[in-house]
Structure formats: C-alpha cells, structure tokens
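If you read the sequences in order, they're chains F and R.
The first sequence begins at 1 in full-length UniProt numbering and counts up one residue at a time.
The second sequence begins at 1 in full-length UniProt numbering and counts up one residue at a time.
For every residue, glycine included, the Cβ atom is placed at its ideal position computed from N, Cα and C.
Protein chains: 2
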Amino acid sequence: MAEPLRIGIAGLGTVGASVVRMLGQKGTELTRQCGREIVPVAVCARDRNRDRGIDLGNAHWFDDPVELARSPGIDVFVELMGGEGDPALSSVRAALESGRHVVTANKALLSRHGVELAAIAEKKGVLLNYEAAVAGGIPVIKTLREALVGNTVSRVFGIMNGTANYILTRMEAEGLSFEECLKEAQRLGYAEADPTFDIEGHDTAHKLSILTSLAFGCRISADDIYMEGISNITQADIRAAAELGYRIKLLGVAQKTESGIEQRVHPTMVPTSSVIAQVHGVTNAVAIETDMLGELLLSGPGAGGNATASAVIGDIADIAKSRPGFQHGPVFGRPAKELQPYRRARMRAHAGGYFIRFTVHDRIGVFAAIAKRMADNDISLESIVQHGEATDDAQKTVILVTHETTEAAVHKAVEGVTRDGHLTSRPQVIRIERAA
Amino acid sequence: MAEPLRIGIAGLGTVGASVVRMLGQKGTELTRQCGREIVPVAVCARDRNRDRGIDLGNAHWFDDPVELARSPGIDVFVELMGGEGDPALSSVRAALESGRHVVTANKALLSRHGVELAAIAEKKGVLLNYEAAVAGGIPVIKTLREALVGNTVSRVFGIMNGTANYILTRMEAEGLSFEECLKEAQRLGYAEADPTFDIEGHDTAHKLSILTSLAFGCRISADDIYMEGISNITQADIRAAAELGYRIKLLGVAQKTESGIEQRVHPTMVPTSSVIAQVHGVTNAVAIETDMLGELLLSGPGAGGNATASAVIGDIADIAKSRPGFQHGPVFGRPAKELQPYRRARMRAHAGGYFIRFTVHDRIGVFAAIAKRMADNDISLESIVQHGEATDDAQKTVILVTHETTEAAVHKAVEGVTRDGHLTSRPQVIRIERAA
Numbered sequence: 001m002a003e004p005l006r007i008g009i010a011g012l013g014t015v016g017a018s019v020v021r022m023l024g025q026k027g028t029e030l031t032r033q034c035g036r037e038i039v040p041v042a043v044c045a046r047d048r049n050r051d052r053g054i055d056l057g058n059a060h061w062f063d064d065p066v067e068l069a070r071s072p073g074i075d076v077f078v079e080l081m082g083g084e085g086d087p088a089l090s091s092v093r094a095a096l097e098s099g100r101h102v103v104t105a106n107k108a109l110l111s112r113h114g115v116e117l118a119a120i121a122e123k124k125g126v127l128l129n130y131e132a133a134v135a136g137g138i139p140v141i142k143t144l145r146e147a148l149v150g151n152t153v154s155r156v157f158g159i160m161n162g163t164a165n166y167i168l169t170r171m172e173a174e175g176l177s178f179e180e181c182l183k184e185a186q187r188l189g190y191a192e193a194d195p196t197f198d199i200e201g202h203d204t205a206h207k208l209s210i211l212t213s214l215a216f217g218c219r220i221s222a223d224d225i226y227m228e229g230i231s232n233i234t235q236a237d238i239r240a241a242a243e244l245g246y247r248i249k250l251l252g253v254a255q256k257t258e259s260g261i262e263q264r265v266h267p268t269m270v271p272t273s274s275v276i277a278q279v280h281g282v283t284n285a286v287a288i289e290t291d292m293l294g295e296l297l298l299s300g301p302g303a304g305g306n307a308t309a310s311a312v313i314g315d316i317a318d319i320a321k322s323r324p325g326f327q328h329g330p331v332f333g334r335p336a337k338e339l340q341p342y343r344r345a346r347m348r349a350h351a352g353g354y355f356i357r358f359t360v361h362d363r364i365g366v367f368a369a370i371a372k373r374m375a376d377n378d379i380s381l382e383s384i385v386q387h388g389e390a391t392d393d394a395q396k397t398v399i400l401v402t403h404e405t406t407e408a409a410v411h412k413a414v415e416g417v418t419r420d421g422h423l424t425s426r427p428q429v430i431r432i433e434r435a436a
Numbered sequence: 001m002a003e004p005l006r007i008g009i010a011g012l013g014t015v016g017a018s019v020v021r022m023l024g025q026k027g028t029e030l031t032r033q034c035g036r037e038i039v040p041v042a043v044c045a046r047d048r049n050r051d052r053g054i055d056l057g058n059a060h061w062f063d064d065p066v067e068l069a070r071s072p073g074i075d076v077f078v079e080l081m082g083g084e085g086d087p088a089l090s091s092v093r094a095a096l097e098s099g100r101h102v103v104t105a106n107k108a109l110l111s112r113h114g115v116e117l118a119a120i121a122e123k124k125g126v127l128l129n130y131e132a133a134v135a136g137g138i139p140v141i142k143t144l145r146e147a148l149v150g151n152t153v154s155r156v157f158g159i160m161n162g163t164a165n166y167i168l169t170r171m172e173a174e175g176l177s178f179e180e181c182l183k184e185a186q187r188l189g190y191a192e193a194d195p196t197f198d199i200e201g202h203d204t205a206h207k208l209s210i211l212t213s214l215a216f217g218c219r220i221s222a223d224d225i226y227m228e229g230i231s232n233i234t235q236a237d238i239r240a241a242a243e244l245g246y247r248i249k250l251l252g253v254a255q256k257t258e259s260g261i262e263q264r265v266h267p268t269m270v271p272t273s274s275v276i277a278q279v280h281g282v283t284n285a286v287a288i289e290t291d292m293l294g295e296l297l298l299s300g301p302g303a304g305g306n307a308t309a310s311a312v313i314g315d316i317a318d319i320a321k322s323r324p325g326f327q328h329g330p331v332f333g334r335p336a337k338e339l340q341p342y343r344r345a346r347m348r349a350h351a352g353g354y355f356i357r358f359t360v361h362d363r364i365g366v367f368a369a370i371a372k373r374m375a376d377n378d379i380s381l382e383s384i385v386q387h388g389e390a391t392d393d394a395q396k397t398v399i400l401v402t403h404e405t406t407e408a409a410v411h412k413a414v415e416g417v418t419r420d421g422h423l424t425s426r427p428q429v430i431r432i433e434r435a436a
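Spelled out as structure tokens, the structure:
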C-alpha cells in the first residue's frame, strides 16, 4: 500500500470539525477506497483551547496557517477558514507555491482570486479542488469539470442559497411575510444576524461566478453580476405566481447570449411543474443545459457541516487516489492562462418572459393605458389577470405575464405606466426563467 | 503537450456514431481540457459499408472486435456493441488483459461480469470506466465512486428506464391506457417492438445492480432483484394515486436493511410534492441517501445517442487527463477482491407503506371484512377512500393506504380479503416509497 496522505487543516469551525470527525469514523473505509490512509497530521485554528468535541490525535498544532501551508510535513493543505483575503489567500498561495495540493471550501476566495491561484497550481503541477465551495455537498464542480467535458454549455442556473430558499418556501407554505420568515430563519440558525449576504444575493453571486468560469471557459468575474435580492417579495407576488402556474425562487443564472455572458441573481418565476420548483427549504439545486446532454439537474443539501465535509473529503480522496507524477485536468476546466476574458452581456438586452404586478387606482381607462404602454414597446402578453376583489375600495391589482421580450422594453413600458399616474404603489417586476 | 490518446471504438450504432461525431466537432476544446488530443485511430462494426453519416478519417477498420481490443495501436478500447456475452465480453477481457483502458456503456455486460472484469483491470493497473451504462448522461457513477467517498449509503433509488417513465407520464397526463401509451412510445421510437425488457423492469434491474455494488461495496448480483413491471398499472391506479397525493413511477430501489440488501424494481407511489415525482417523460433520475450528505438527486436524459456519448466522452477524458504510472480508484469503489458477498434481504420482510386497491361487490359488510383483515395483520391505515360512484351498478372501489407495515403482512391480509369472496377482480398492490 502507498504512503499515507498527510493533510493539514486550517480552520476548525463546523466544517473543519466535521472533516476531522469523518476522517476518524470512516478511516478504514476511506483507506479501502483510496488505497492509502488519509491522516490529519496538522491543524490550525484561532483558539487552541476551545472544545470542539473532536479527537485531534497527534496532529501538530500551528498558530499560523501560512506556516502550516508551507510545512514540508503535509501533502495537502485543507483551507476551511473562509474569507476572500488573508489569512486564507496568503496560506493557499503559500501551499501551492510550496508544491502542496489544496482543498478549499472558500467561494469568496475563489470568486476573487481563483484564476490567479489556478495558474499557480497548474504551474506547480498540484491540484486545487473546491467542490465544497459551490452548493455544499452537491457534486456540481466535478460534474462541470469532469463529467461534461466536451459538452458546450448554454446555461447554468440554480438555487444556491439555502437561507433565501428557506424563506421563500415558508412564505409560500404558510402565507407569512418576508420579515416573519426571516425572523424564523434567524431563530433556527438558517440566517445570520445580518442576513444581507444571503438574502440580497451576494452568496449566490460568489458561487455563480465560479460556475460561470467552469461552464464557459472564461475568467471569473464576480463584479459583473446583476443582483437583486428577495426582500421585496410579498405575499401578493407569491399568490399571483401560484395562480399563474409559477413559483418564486432566488436563482443564480449564467447564460451565453449573442452579446456576451449574462450573470444574474434575482427572484425568478419558475414553472410549478418544473423539477427545480420542487426544491424546498434549505436544499440547493443546480441545472446545467448543454448541447449534447440537454438539461441535467443536481439537487441536495447545499450547506451544513456534514454535507460540506462530504465534498471536502471527496476532494481529498481524489488526491489520495492519484499518485506522484500524475496530472489531472486544469482547475477551471481549461488551463488558467487560456481562460477567455469575461465579456459581459448588457442586462438591458436580456431576453425572457416577465411577470409584472401593478397596483392601480380603480378607475376607467387604467387598463387600456397599461395595455397601450405594453403594445407601444412591442410587448406581447401571455396572460392578464385583473383581480375582481379590490385590495381596498379605491385600488385594484393588474398582473401581466409577457411572452419573450427584453429587459429594456419592460423598463420602458413600466416607466411609461408609472408616468401615466395610475399606480398607487411601486410596480413589481419579476423575471421568468424556462426550466424543465 | 503529451502524446495523443489513441482510442479504438467497437460498435458504431447511435452511440458510437455520436462519439465519433463529438470527437470531431469538439476536438479543439477537448484537447484544451485534457491537455492532449483524443484520436479515434481504429473502429470496428458489423457492416463496413453502411453510411453512418460520420467521418471516420484514417481510422483503421477491424472486422474482429477482439483483434481491435488487443491491438497495440490503441490506448483505450471503447466498447459500444452491447450484450452481456461475446463479442463484448471477450473483447473487453482481451483489452484489459493486454493492458488497455476500457470505456463501456454496456450495463448487461457489467451486471453479469463486472466484478471479474474489475479484478482484471485492477490487476493490470488500467481503468474500466462505465458512466454511460447507468442513466445515460447523468454522472451517477462518478458521483457514487468519487464524490461520495466516505459517505455511508443507506438507499439508492431512481427512474432508470425512459420508456417506462414515458408511458406512465402519458398515462397520467392524457388519461390513456397502458396499451395505448405503449403503442405511442413504439411509434415514436421510445420503445422496442418487443418492449418486455423495458416495461417489465429488466433494464432497470441491470442498472440497479451496478449502483448497488457501488453504493454498498458488495458484489454485483443482478439475479437477486425482485422485479415487477408496469403493464398492469391502470387508469384507476393513476387516478387514485393523484387523489391521495402520489404519482406512480417505475423505480429501482436498493436499500440496506437489517437482514441484508433489498434490490427491487416495481411500480412505486412517490409523493407528488417530491422532486422525483416531477421527473417526466424519457428523463431519468437517481436519488442517493447517505449519512453525511442526506439526499442527493441527479436528473437528466437517461438515453439517446448524444447524452450517452457525453458520458462516454467524459470517461475517455478522465483517462486522457491521467498519465502513465498513475492509478485511480477501484472500478466499483472498493477493490474487486474486497467486495463483500451479496446478502439478499427477504422481500417478505420489506417494510414500507402500501397502496391497495380492491374492487368489491357492493354489499353490506364488505368494508368491515376488509378492515378486519387489515387489523388482524397489524396493518394500520393512513387513509381509506371508498368511491361513491360505483364503477358499475354492482361493484365499488375501496382504496387503502397503509402506514409502514411489511410485505408479508400485506400479502396475508390481501389473501384473506380475496378468500372472503368479496372481490370482483384481482386486487392491486403498489408499494409506496419515501422521497424528498
């Protein structure tokens, strides 16, 4: 049997502790599957004295992750500290420069510095594995990077934030407001005290930027993502969606178009009959659309210590199964130096269906005015719902679902309706996404 | 750049032709992703003169696949002939014995001879890749074999036959009979002239037997699969399922139980709200339940030339990315010689919920007699539906959904009801499966 694979783990939070526990509990089976032992020989975390409920055995303790990363005593550096800057960045860089393989769950780091780090890994002939960085335990990186080689991807989209999906699921199931569901999510530990990162789409954007690079062979560009959160989704939207055969999800979508690549994160209407519409609660799902395969969908737990540790262990095992001298595929599917510059499609050129909800004064001529604004902008309508029951005596709700049109046309039409002076409150516009 | 990877393809049917076409069209991109060229240098098929609409370039033609498999001019033997016996068996064996890597889409071959072939591959230090053998383009082999290393799997289940799923989907959507939908499927080329293999569960069983070995580390045992097809599913079942919140799918299920491993293929009720219930038409889906990850679901095209070719190309690319002297993980997750003997759980011990549909004489006391038979066998009922509208003047339908009970108890109870003489036709029993 080959020499044991010696790993050094930096970061012993929920995921780090799960990884150590899993290596202990599943040691025999992992050795059988990998043909060698995987041994955590060194660890590093902020507080040496904290009780994490794990057995660190004889693992050497480092106070400085960079020192651990450079240590000649390890073969693989496992970065589970998080954060786009130091010490994650400097330690991953140090590990790669020193010829150590790296496994990381750090989406922020990769979305910012992924291409630079990939170039170092490829120059040094070591692996940089990051399955846990996107959609937790779902093997979407492996699928895009290995299984779909040779497929030309046209679109990747998914539910990549469990907090946002949990809130939307409860809003729909229980008729509660966004604020009530957010509080529930915070109480249950699904949402942070400051939930901005999750509910405004930043977390999804980080993950999406990594998938975009893998899918389209371009450099990562997390700053070029159109982003809209779910905090202004109301019960009126959810009920109207249901009535029209849709469900609202916070999707990240990356799509090739004639003018470039669209990367967008926003609340989205998906058909209730689609598979992705059945992805409830904290579950994540990613769909990949290609020329050869059609649509592939992966769904499962997108977060949590054990699910994330499962992906980290898978990444470590891939390294354990390989042998010195071997070379695996490039970090982002194509060699880092051959990744294309990111060409951003203009959001105004986005083509798709739209859901538009107007709350209007209940008076004659309003409906005709709205219809005219749509027609003037070449927007053809798939359905129109005017609620018989007025929301109060003086106002009514008008809901439109458009056929494929453009973002620019919808903006112009909605601005026109707003200027006409018939609205009693801000109009709601939600994009519709095709989904199988 | 490394030397080109030379492949020999045996079998130029739909999948083989798609592989050749894809290698031609995606050559540049594949070279970039794999770091070397993939060149089909030799082919073999039954009829040399048939026009397959593909450019075979300078590929050397072999009449004998075994000769191709042994040829020193190839690095990888791609077996796309199908069939569990020769020439597939002898040629794959010859390729492995000669130290060539093998890629195959042949589920029948693997379900019968997989462990023997894996042992040869492992002894010779070559790869035997077979992603396309199960669920076409869905990367379920890669997921079980690589991504979920270290997870303890408790259950694998899925929709693995597109023909059967297409028929069930149309029966539900259009209210047509099994026979009508089968004819439609045949007309559209989704079903063979002799559809037995697909609709009676044999095809699903082959695929399931491979997943079982990967999931549970046991030897493949395709003969130990309980099998029931979909030909006796009627509109009455489908309507009753819908009414009770279920949908009927032909599932393959492998599950660890106290008494051994259950492998079963049968029509199954899954909750309408589950993700797998939304898998329609020829689409396949596989769910994997583990201790660390929870439930992971993969869905996508399970058949078709391009989707299957996508998986074959992925397998070839994995070989292309590796280098001589490297070693990858074992063929079925664990080394072939360490795979455990298959221990079959008794089907009578199967525990789960059941849907039971009785058609009974419309007379006093029938319902009480049925209820007594259930109670006598300790079967507790979740719901009872007795249709007001008699199916004709003299008979009625009684539908029961049980809480968890055993196969043995259900059989005994149903036999009791049958003996009581109240039934006007054969009772229908359909197992219910939990699904997220």
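Each residue's CA atom was taken as its position, placing GLU67 (chain F) and GLU116 (chain R) some 47 Å apart. Counting every other CB atom within 10 Å of its CB across the protein chains shown gives GLN340 (chain R) a total below 16, marking it as exposed.
The closest CA to that of GLY201 (chain R), considering only R:LYS124, R:ALA118 and R:LYS249, is found on R:LYS249.
Counting the other CB atoms within 10 Å of its CB gives GLY252 (chain F) a total of 16 or more, which places it among the buried residues. The secondary-structure analysis by DSSP pairs SER383 (chain R) across a beta bridge with R:VAL401. With respect to ILE356 (chain F), LEU400 (chain F) sits close: the two C-beta atoms are nearer than 7 Å. Considering only F:LEU5, F:VAL282 and F:PHE216, the residue with the shortest C-alpha distance to TYR166 (chain F) is F:VAL282.
Rounded to whole angstroms, the Cβ separation of GLN278 (chain F) and SER273 (chain R) is 7 Å, and the two are in contact under 8 Å. When secondary structure is reduced to three states using DSSP, MET81 (chain R) falls in the coil class, being assigned neither helix nor strand.
In the structure shown, ALA309 (chain F) adopts helical secondary structure according to DSSP, grouped into three states.
Looking at F:GLY302, F:ILE7, F:GLY13 and F:ARG348, the one whose alpha-carbon comes closest to that of ASN161 (chain F) is F:GLY302. By the criterion of a C-beta distance shorter than 8 Å, ALA369 (chain F) is surrounded in its chain by VAL417, ASP420 and HIS422, once the five residues flanking it on both sides are discounted. Rounded to the nearest angstrom, the Cβ distance from GLU146 (chain R) to GLY329 (chain R) is 7 Å, consistent with a contact under 8 Å. Listed along the chain, the chain R residues whose CB falls inside 7 Å of the CB of CYS218 (chain F) amount to none; the nearest CB is some 13 Å away. Taking the CA atoms as reference points, GLY83 (chain R) sits about 11 Å from SER90 (chain R).
Judged by beta-carbon spacing, ALA132 (chain F) lies beyond the 7 Å limit of ALA287 (chain F), meaning their Cβ atoms are not closer than that value. TYR166 (chain R) sits in a helix when the DSSP states are folded into three classes. Residues of chain R whose Cβ lies closer than 7 Å to the Cβ of VAL286 (chain F) do not exist, since the nearest Cβ in that chain is about 11 Å away. When DSSP states are grouped into helix, strand and coil, PRO341 (chain F) belongs to the coil group. When beta bridges are read from the DSSP output, TYR130 (chain F) appears opposite no residue. Within its own chain, the residues whose Cβ lies closer than 6 Å to the Cβ of GLY333 (chain F), once the five positions on either side in sequence are excluded, are ARG145 and LEU214, listed in chain order.
With a cutoff of 7 Å on beta-carbon distance, HIS403 (chain F) and GLU382 (chain F) are scored as near each other. Within chain R, the residues GLU146 have their CB atoms less than 7 Å from the CB of ASP318 (chain F), given in chain order. Counting of Cβ neighbours within 10 angstroms places ALA254 (chain F) among the buried residues, the total reaching 16 or more.
A Cβ of chain R is located within less than 7 Å of the beta carbon of LEU296 (chain F). PRO139 (chain R) sits in coil when the DSSP states are folded into three classes, being neither helix nor strand.
Under DSSP, MET269 (chain R) forms a beta bridge with R:ILE248 and R:ILE432. A straight-line Cα-Cα distance of about 58 Å links PHE178 (chain F) and ARG52 (chain R). For the C-beta of VAL78 (chain F), not a single chain R residue is nearer than 7 Å; the gap to the nearest is close to 14 Å. Using a C-beta cut-off of 8 Å, the stretch 98-114 of chain R makes no contact with the stretch 262-270 of chain F, since fewer than three inter-stretch Cβ pairs fall below that distance. Within the stretch 141-174 of chain R, LYS142, THR143, GLU146, ALA147, LEU148, VAL149, GLY150 and ASN151 place their CB atoms closer than 7 Å to a CB of chain F, listed in sequence order.
Residue R:VAL149 holds the alpha-carbon nearest to the alpha-carbon of ALA309 (chain F) among R:GLU29, R:VAL149, R:ASP47 and R:ALA95. Less than 7 Å divides the Cβ of ALA10 (chain F) from the Cβ of GLU79 (chain F). DSSP, reduced to helix, strand and coil, places VAL92 (chain R) within a helical segment of the structure shown. A check of alpha carbon separations from VAL43 (chain F) across F:ALA59, F:ILE319 and F:LEU244 identifies F:ALA59 as the nearest.
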